[in-house]
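Chemist:
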Amino acid sequence: MDRFEIYQAEAQRVSGKRKNQIVALVKARTEGSIDPKSIKTTPIEVLADRMRWWRIWEVTAQSLASGEWSGKTAAEFLFEARDVLKVYYYHPEAWKVARVLKNDAEGHEYQMAAEMCRDEGKYWLKVAGLLGNPVLVQRAIESFKEAIGLAETGTSAQALATLEKELAVRISGGKAEINKVREAYKTVAELAPRAGGWDRAAAAAWIYMKEAIWVGSARDIQMGLNGLRTACNRLNKSWLEYPNKELLQSLMNVSRRATAGKPDTKQFELQP
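The sequence shown begins at 9 in our numbering and counts up by one.
1. State buried or exposed for Gly129, treating a residue as buried only when at least 16 other CB atoms are found within 10 Å of its CB.
2. Nearest by alpha-carbon distance to Ala273: which of Thr267, Ala184, Leu139 is it?
3. Determine the direct distance from the alpha carbon of Met260 to that of Gly75, and round the result to whole angstroms.
4. Got a sec, what are the start and stop residues for the alpha helix (DSSP H) Thr90 sits in?
5. DSSP state of Glu53, grouped into three classes?
6. Give the straight-line distance between the Cα atoms of Glu66 and Ser41, rounded to the nearest whole angstrom.
7. Three-state secondary structure (DSSP) at Glu117?
8. For Asn252, which residues does DSSP report across the bridge?
9. Apart from the five residues just before and just after Glu123, which ones in its own chain have a Cβ nearer than 8 Å to its Cβ?
10. Can you list, in chain order, the residues of its chain whose CB lies under 8 Å from that of Arg208, leaving out five sequence neighbours each side?
11. How is Asn111 classed by DSSP in three states: helix, strand or coil?
12. Could you give the C-beta distance for Phe276 and Leu109, rounded to a whole number, given that I count them as a contact under 8 Å?
13. With a threshold of 16 other CB atoms inside 10 Å of the CB of Leu255, please say whether the residue is buried or exposed.
14. Should His99 and Pro44 be called a contact, given that it needs their Cβ atoms to be closer than 8 Å?
15. Measuring alpha carbon to alpha carbon, tell me which of Arg11, Gln16, Ser23 ends up nearest Cys240.
16. Taking the continuous alpha helix (DSSP H) assigned at Ile30, which residues delimit it?
17. Taking its Cβ as the centre, do 16 or more other Cβ atoms sit within 10 Å of Tyr15, making it buried, or is it exposed?
18. Could you tell me the distance, in whole angstroms, from the CA atom of Glu39 to the CA atom of Val143?
19. On the criterion of 16 or more Cβ atoms from any shown chain inside 10 Å, does Glu18 qualify as buried, or is it exposed?
20. Going by C-alpha to C-alpha distance, which of Asp91, Ala113, Arg107 sits closest to Val54?
21. What's the call for Thr161, buried or exposed, on a 16-neighbour Cβ count within 10 Å?
22. Grab the span of the alpha helix (DSSP H) containing Ala203 for me, first residue to last.
23. Between Ala184 and Glu101, what straight-line distance do the alpha-carbon atoms span, to the nearest angstrom?
24. Enumerate in chain order the residues of its own chain whose CB-to-CB distance from Lys27 is below 8 Å, with the five nearest sequence positions on each side excluded.
25. Would you list, in sequence order, the uninterrupted beta strand (DSSP E) runs of no fewer than 3 residues that lie entirely inside the region 124-193?
26. Take Gly79 as the anchor and find which of Thr267, Pro271, Gln279, Leu278 has the nearest alpha-carbon.
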């Protein structure tokens, strides 16, 4: 399996451009689709790469759902993400391997089980948004908590899961703990050059900045903004893309809920 293709698909996924994400989705769907019965006999190094394809497949489907104005089309992408979670993430043999994978083939941090739990948490946030069902946010919180517990202490995966958990707590009506948010952001930013990349650092800075705004901490708002600008400079894009996207998502959430029909929550369940 050519790892360059994995890196290429990941770059297309994080580009934010729909046409690139479609290419990444199709490639990941092709490379990730295997008979679940073969997982048990697949060598661990081969399965590790396959899991990376699953993650690109699942997360790209989520991203494409977020880019849809149509609720019905968004639901179809989320159904695809659901199936990847059910068929591959939840496969008992795959999960056993995921729990022991802590680095990729090049020696970079890759806390596979924690990252997979993060993906599930983000899935529940998107489903909650589509259905307008705040109860489902609690499932996201539980997934992020599991990710925090599975990741090794001091890793980028653990720090990002902490940020996402605090964000979900606030969405659910609670209050994010700004001290936890600040320290988690610092970890992600510090490790960005060798774990997660600048795209992750920018995402972490944006969460930090948002939560700082909610609690009214001027010092933290400035630190988050500085971090966001630094990461975006590395990515050669404007930091304003993040608040602009946030505003657009608010409008799109309304549109998706209005055009989703009446999807049943049971359709999005992961358990049999």
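All C-beta atoms in this analysis are idealised placements derived from N, C-alpha and C, irrespective of residue type, glycine included.
Modeler: By the coordinates alone:
1. buried
2. Correcting the residue identity first, residue 273 is Thr in this sequence and not Ala. Looking at the Cα atoms, Leu139 is the closest of the given residues.
3. 8 Å
4. The sequence given here places Arg at residue 90; Thr does not occur at that position. Its alpha helix (DSSP H) spans residues 79-92.
5. helix
6. 12 Å
7. strand
8. According to DSSP, which records beta bridges pairwise, Asn252 is partnered with nothing at all.
9. Arg63, Ala155, Ala165
10. Ser164, Leu168, Val196, Ala200
11. strand
12. No, Phe276 and Leu109 are not in contact; Cβ-Cβ is about 27 Å, not under 8 Å.
13. exposed
14. yes
15. Ser23
16. 26-40
17. exposed
18. 35 Å
19. buried
20. Ala113
21. exposed
22. Unbroken run through Ala203: none, as it is neither H nor E.
23. 35 Å
24. none
25. none
26. Thr267
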